[in-house]
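One structure is given here, and the rest of the page talks about it.
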Amino acid sequence: MKLDLFAKIFIIVFIFLSSILGVFIYQLKVSQNTFLIKNLENKAKSFGEILTLLNSNNIIEEDEVKIFESLFGFVSTNSDVMSVFLQKKDGNSFLIKKESWKVINDTFENKSFFTGIVKSELSNLQVYRYVYSVELTGIKWADLIFELSLDEYNLQLKEINQQILNLIVVMFLGIFFISFLLAKVVSKPIIKLSHTSKLVSQGDLSQRVKIDSKDEIGELAKSFNEMISSLELSQKRLTNYKIDLENKVEERTKELKELNDNLEDRVIAEIKKREEQQQLLIQQSKLAAMGEMIGNIAHQWRQPLNALSLVVQNLKFSFDLGEVDDKQMNKSIQKINLLTKNMSKTIDDFRNFFKPNKEKLKFNIYESVNNALHLVDASFENHNIVVEKIIDENINVFGYPNEFLQSLLNLLNNSKDAFIENKINNGKIVIETKNDFKHVYIYIKDNAGGIAKEIENKIFEPYFTTKSESKGTGIGLYMAKTIIEQNMDGSLTNINSDNEAIFIIKLPIYKD
Numbered sequence: 140m141k142l143d144l145f146a147k148i149f150i151i152v153f154i155f156l157s158s159i160l161g162v163f164i165y166q167l168k169v170s171q172n173t174f175l176i177k178n179l180e181n182k183a184k185s186f187g188e189i190l191t192l193l194n195s196n197n198i199i200e201e202d203e204v205k206i207f208e209s210l211f212g213f214v215s216t217n218s219d220v221m222s223v224f225l226q227k228k229d230g231n232s233f234l235i236k237k238e239s240w241k242v243i244n245d246t247f248e249n250k251s252f253f254t255g256i257v258k259s260e261l262s263n264l265q266v267y268r269y270v271y272s273v274e275l276t277g278i279k280w281a282d283l284i285f286e287l288s289l290d291e292y293n294l295q296l297k298e299i300n301q302q303i304l305n306l307i308v309v310m311f312l313g314i315f316f317i318s319f320l321l322a323k324v325v326s327k328p329i330i331k332l333s334h335t336s337k338l339v340s341q342g343d344l345s346q347r348v349k350i351d352s353k354d355e356i357g358e359l360a361k362s363f364n365e366m367i368s369s370l371e372l373s374q375k376r377l378t379n380y381k382i383d384l385e386n387k388v389e390e391r392t393k394e395l396k397e398l399n400d401n402l403e404d405r406v407i408a409e410i411k412k413r414e415e416q417q418q419l420l421i422q423q424s425k426l427a428a429m430g431e432m433i434g435n436i437a438h439q440w441r442q443p444l445n446a447l448s449l450v451v452q453n454l455k456f457s458f459d460l461g462e463v464d465d466k467q468m469n470k471s472i473q474k475i476n477l478l479t480k481n482m483s484k485t486i487d488d489f490r491n492f493f494k495p496n497k498e499k500l501k502f503n504i505y506e507s508v509n510n511a512l513h514l515v516d517a518s519f520e521n522h523n524i525v526v527e528k529i530i531d532e533n534i535n536v537f538g539y540p541n542e543f544l545q546s547l548l549n550l551l552n553n554s555k556d557a558f559i560e561n562k563i564n565n566g567k568i569v570i571e572t573k574n575d576f577k578h579v580y581i582y583i584k585d586n587a588g589g590i591a592k593e594i595e596n597k598i599f600e601p602y603f604t605t606k607s608e609s610k611g612t613g614i615g616l617y618m619a620k621t622i623i624e625q626n627m628d629g630s631l632t633n634i635n636s637d638n639e640a641i642f643i644i645k646l647p648i649y650k651d
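Numbers 140 to 651, taken from this note's numbering, label the letters of the sequence shown in order.
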């Protein structure tokens, strides 16, 4: 059941005031009970003082008979005292009740008593027990244990409880009345505001809150009315805007409909265009490396050309001396054929590199690394760069082998350029593979001095380069990352240290 605002305020105020009343009644009962207990304590204490004063001489003289008679007479004539137990420090002790008495010798193990309301072992009733210490000239002689009747205490407690009950009834009625008035005073203007705001939310902006009080609620009502007036004005403006907007939307819908008719064709054309641009960019990256490759071809051909020249010179020298025979001629021709065959293979290797892949193929990582090193080994040897391979020969991947070869060459040529730029004579590149049975990780590490921290986050951006325009285009690492991540479902990342740059290629392992 959902409570309205009036009921909520009434319950909160009623509970709050009732809680205060409950705490007050509890404290009142505790204080009244303490007061009554204190009265019993004072009465018992006064009894002890009177008996001690009356029997001071008897105590000094150790006249137990007179002490006994005095105690028995006191108990018999005093209706509040139910029993007195005289527990001496030395000698006999006495237990005196209204109808009987008893002497306890010193062999009896004395009990310990405490002050308060207890259940008496003698009468099996609730009594107030008080222990009074009898002292003369500062020396303790005995304890007087009084057991007082609780009849008067219970009667007074009953009267107090009745008075408290009457007070509770009266105060609860007052609390109920006060809670009702407060809930009504507080909730009435808020209910008015709520009712009006509900009508306004349903679209009736002609409503106004009628609250004339000068307090905060009145100010709120005034602000609320001003807000409704502003909303009413805004609604009129929105109506005009809506008409204008509907006309514009209708015009725009016609335009979008015409655009949508051609959108699919445009999207297909744009995707195809982007694919062509990406392929062109890959080819551009290859062509940008053509100058580097021509240098590599020159290094690859230098040795066989020198050998070919020596063979021709020896053949001519023998011919001039008239010493050329069939055996020497065949041997020279075999050398020439072998040298030209090796030179032709070099041309085929470089031509295959520039041939674009049409479809994805299964290829071996070890063979691809060797092919890449074969294309640059002459250039690396010319610059005293050593390559160490720690490669698993049995790992295959699925992708574009030529494009992967291009990525490797970009990374290897970057290392070579770093060796040259930093003038490092003992350059070393380590190519190592590791795998987790799902992916192969190819680590390419060099000792060229690492990558500067200020450019570490930019090296894979297109057209970013630290080289001069004649030595670099800035698309090598960008294209390597694009090929590995977009065309081969892998990743290319780098780790940098003070003296080393490490590039890590991650590729899915192909399983038959």
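Glycine included, every Cβ here is placed at the ideal spot set by N, Cα and C.
Only a predicted model underlies this, so the values are computations on that prediction, with no experimental measurement involved.
Can you list, in chain order, the residues of its chain with a C-beta nearer than 6 Å to that of residue i? Leave out the 5 residues immediately preceding and following it.
| i | result |
| --- | --- |
| residue 288 | 219, 221 |
| residue 181 | none |
| residue 206 | 194, 197 |
| residue 295 | 175 |
| residue 608 | Any reading at residue 608 must be qualified, since the residue scores a pLDDT of 48, below 50, and its modelled position is unreliable; the value itself is stated next. Taken in chain order, the list of residues that qualify is empty. |
| residue 187 | 271, 283 |
Going straight from the alpha carbon of residue i to that of residue j, what length do you get?
| i | j | result |
| --- | --- | --- |
| residue 544 | residue 507 | 6 Å |
| residue 303 | residue 164 | 7 Å |
| residue 560 | residue 573 | 30 Å |
| residue 511 | residue 394 | 55 Å |
| residue 379 | residue 405 | 37 Å |
| residue 382 | residue 366 | 24 Å |
| residue 642 | residue 599 | 12 Å |
| residue 184 | residue 267 | 12 Å |
| residue 625 | residue 631 | 11 Å |
| residue 128 | residue 498 | Outside the modelled stretch of the chain, which goes from 140 to 651, sits residue 128, for which no answer is possible. |
| residue 467 | residue 457 | 9 Å |
| residue 262 | residue 319 | 54 Å |
| residue 616 | residue 596 | 12 Å |
| residue 591 | residue 638 | 10 Å |
| residue 387 | residue 412 | 34 Å |
| residue 290 | residue 161 | 28 Å |
| residue 369 | residue 389 | 30 Å |
| residue 208 | residue 309 | 54 Å |
| residue 409 | residue 476 | 51 Å |
| residue 237 | residue 202 | 22 Å |
Considering only the beta carbon of each residue, do residue i and residue j sit closer than 8 Å?
| i | j | result |
| --- | --- | --- |
| residue 554 | residue 568 | yes |
| residue 314 | residue 156 | yes |
| residue 566 | residue 523 | yes |
| residue 627 | residue 539 | yes |
| residue 699 | residue 585 | For the chain, the structure presents residues 140 to 651; residue 699 sits outside this window and is missing. |
| residue 273 | residue 252 | no |
| residue 648 | residue 542 | no |
| residue 580 | residue 645 | yes |
| residue 471 | residue 454 | yes |
| residue 323 | residue 145 | yes |
| residue 551 | residue 515 | yes |
| residue 171 | residue 299 | yes |
| residue 503 | residue 535 | yes |
Which whole-angstrom value describes the C-beta separation of residue i and residue j, a residue pair presumed to lie in contact below a C-beta threshold of 8 Å?
| i | j | result |
| --- | --- | --- |
| residue 570 | residue 528 | 5 Å |
| residue 284 | residue 223 | 7 Å |
| residue 148 | residue 321 | 7 Å |
| residue 731 | residue 505 | With the chain covering 140 to 651 only, the question about residue 731 has no answer from this structure. |
| residue 210 | residue 192 | At roughly 14 Å, the Cβ-Cβ gap does not stay under 8 Å, so residue 210 and residue 192 are not in contact. |
| residue 278 | residue 265 | No, residue 278 and residue 265 are not in contact; Cβ-Cβ is about 34 Å, not under 8 Å. |
| residue 275 | residue 199 | 7 Å |
Below 7 Å CB to CB, which residues in the same chain sit around residue i once its five sequence neighbours on both sides are set aside?
| i | result |
| --- | --- |
| residue 636 | 589 |
| residue 248 | Note that residue 248 scores a pLDDT of 44, beneath 50, so its modelled location is shaky; the value from the coordinates is reported in the next line. Nothing listed; no residue qualifies. |
| residue 226 | 232, 249, 281, 282, 284 |
| residue 167 | 303 |
| residue 178 | none |
| residue 620 | 599, 631 |
| residue 242 | 231, 233 |
| residue 228 | 279, 280, 281 |
Can a CB atom of chain D be found closer than 8 Å to the CB of residue i?
| i | result |
| --- | --- |
| residue 649 | No chain D appears in this structure, which consists of one protein chain only. |
Could you pull out every residue in the same chain whose Cβ sits closer than 8 Å to the Cβ of residue i, ignoring the five residues on either side in sequence?
| i | result |
| --- | --- |
| residue 714 | This structure gives no information on residue 714, because the portion of the chain shown stretches from 140 to 651. |
| residue 558 | 522, 524, 566, 585, 587 |
Ignoring anything shorter than 4 residues or poking outside the region 558–592, list the alpha helix (DSSP H) runs there in chain order.
none
Completely contained alpha helix (DSSP H) runs for the region 276–316, where each covers 4 or more residues
none
Any chance you could list the alpha helix (DSSP H) runs of at least 4 consecutive residues sitting entirely within the region 150–205, in chain order?
195–200
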